[in-house]
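Heads up, the thing below is written out as structure tokens.
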Amino acid sequence: MSVKISYSSYTESDQPYKLKFFSSIIDSLIQRGVDTNFINSIILDKRTKFDEKFVKINITGYLKKTDYSHNYTRKSVQKAKSFYFNNISLLKKAEKEFEVPAEVITSILWVETRCGDYLGSSHIVSVFLSTAMANHLEFIQLNKQNLINSYEGDDEDLADLLLKLEQRAEKKSSWAINELLALSKLSEISPIPILDLYGSWAGAFGISQFLPSSYLTWAADGNGDSVINLFHTEDAIFSVANYLKSNGWCPSKECQRNAIFHYNNSTDYVDAVLLLARKIRA
22 MSVKISYSSY
32 TESDQPYKLK
42 FFSSIIDSLI
52 QRGVDTNFIN
62 SIILDKRTKF
72 DEKFVKINIT
82 GYLKKTDYSH
92 NYTRKSVQKA
102 KSFYFNNISL
112 LKKAEKEFEV
122 PAEVITSILW
132 VETRCGDYLG
142 SSHIVSVFLS
152 TAMANHLEFI
162 QLNKQNLINS
172 YEGDDEDLAD
182 LLLKLEQRAE
192 KKSSWAINEL
202 LALSKLSEIS
212 PIPILDLYGS
222 WAGAFGISQF
232 LPSSYLTWAA
242 DGNGDSVINL
252 FHTEDAIFSV
262 ANYLKSNGWC
272 PSKECQRNAI
282 FHYNNSTDYV
292 DAVLLLARKI
302 RA
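The sequence shown begins at 22 in the working numbering and counts up by one.
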């Protein structure tokens with residue numbers, strides 16, 4: 022089974038089809054109070070496309086274990102240390118204000134984007150519009166078939182995974198709608214037009230890789246210009262520190278791990294961040 026819908030070239034005739042294709046998303050956003058002018062502007066923009074890869078990876082990607090070991094190789098540690106020392110004054114300022122160690126801030130920025138060297142190339146609006154379609158029957162069936170084709174375990178475990186897949190499709194679709202709602206609010210304050218935002222397949226952007234909802238809640242001004250731009254090092258550093266502090270960072274190892282886990286709910290991610298931080302500090 023293959024469901025591939027894309028808009029490789031944009032013409033005026035695409036407009037009615039795009040509006041029809043995303044009609045359920047449009048209805049959900051209108052019910053949440055999002056302005057129809059905003060909705061039309063993001064859907065009808067020529068950069069906005071449906072891409073089934075976002076439906077796949079955001080629903081089933083968690084089944085594959087992520088290898089973080091490349092983040093603390095000798096070369097990675099050297100580069101992370103270089104960022105640390107080049108920005109030590111700013112990092113220490115953030116550490117003093119938020120009580121989050123400079124090396125931990127650096128470590129997260131390295132693991133997320135190589136401290137800004139790799140920011141991602143996914144169109145953020147398209148990520149959320151595509152993922153919001155995940156609970157539609159055809160895409161649930163698509164993900165189920167992909168799982169069945171690649172699964173090597175027993176039938177009982179497969180049945181459980183297929184049920185979880187349906188539940189996850191609903192959860193992630195709702196999540197994507199919430200992020201689109203956050204984008205509508207972000208559009209009023211962002212220094213970068215939201216249709217110009219590119220980042221990860223998960224919809225995170227900037228050096229610190231914040232979701233739109235995270236930006237609204239935890240983004241912080243690091244250079245005092247009253248504008249928060251997560252593509253600027255100063256703001257990214259302060260935003261990471263504020264995020265961790267706001268999510269429970271304290272002197273105990275348990276709350277430190279919990280705060281980092283809130284940033285990315287992966288134990289392997291937490292381990293990688295803390296290991297790299299120790300190597301930066303050494």
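Here a beta-carbon is modelled for each residue, glycine too, at the ideal position from N, C-alpha and C.
F252 carries a coil assignment under DSSP once its states are collapsed to helix, strand and coil. Counting of Cβ neighbours within 10 angstroms places Y139 among the exposed residues, the total staying below 16. Of the candidates K41, I80 and I51, the residue whose Cα lies closest to the Cα of A223 is I80.
As far as DSSP is concerned, G224 takes part in no beta bridge.
By DSSP's assignment, F231 forms a beta bridge with F226. The alpha helix (DSSP H) runs lying completely inside the stretch 115–193 and spanning 4 residues or more are 123–134, 145–152 and 158–171, given in chain order. By the neighbour-count criterion, in which 16 or more other beta carbons inside 10 Å mark a residue as buried, G54 falls on the exposed side. When secondary structure is reduced to three states using DSSP, Y264 falls in the helix class.
Closest option to I78, judged by alpha-carbon separation, among A262, Q99 and S143: S143. Sequence-distant Cβ neighbours of L65 in its own chain, meaning closer than 7 Å and more than five residues away, are Q36 and K39.
In the DSSP assignment, the residues bridged to Y219 are H144. The three-state reading of DSSP puts G82 in helix, counting H, G and I together. Counting only the Cα atoms, F104 lies some 47 Å from K41.
By the Cβ criterion, the stretch 175–189 is not in contact with the stretch 250–269, since fewer than three pairs of Cβ atoms, one from each stretch, lie closer than 8 Å. Between E116 and R302, the gap from beta carbon to beta carbon reaches 8 Å or more. Sequence-distant Cβ neighbours of W270 in its own chain, meaning closer than 8 Å and more than five residues away, are F119, E120, V121, C276, Q277 and A280. Annotation for A225: F231 and L232 place their beta carbon closer than 7 Å to its own, counting only its chain and skipping 5 residues before and after. When the Cα atoms are used, F160 and K113 turn out to be separated by approximately 47 Å. Residue environment analysis places K96 among the exposed positions, since fewer than 16 neighbouring C-beta atoms fall within 10 angstroms of its C-beta.
Check the Cα spacing between F106 and each of L186, G245, D217 and T127: the tightest is with T127. Annotation: K300 to K74 spans about 36 Å, alpha carbon to alpha carbon. If you draw a 10 Å sphere on the C-beta of G245, you find fewer than 16 other C-beta atoms in it, and that means exposed.
The C-beta separation of L186 from L158 comes to about 13 Å, leaving the pair out of contact by the 8 Å criterion. In the DSSP assignment, Y284 falls within the alpha helix (DSSP H) that extends over K274 to Y284. With distances taken between CA atoms, E133 lies nearest to I228 out of H283, Y236, I228 and G82. With 16 or more other CB atoms across the displayed protein chains lying within 10 angstroms of its CB, L150 is buried.
Between K206 and L183, the C-beta gap is not smaller than 8 Å, which leaves the two residues out of contact.
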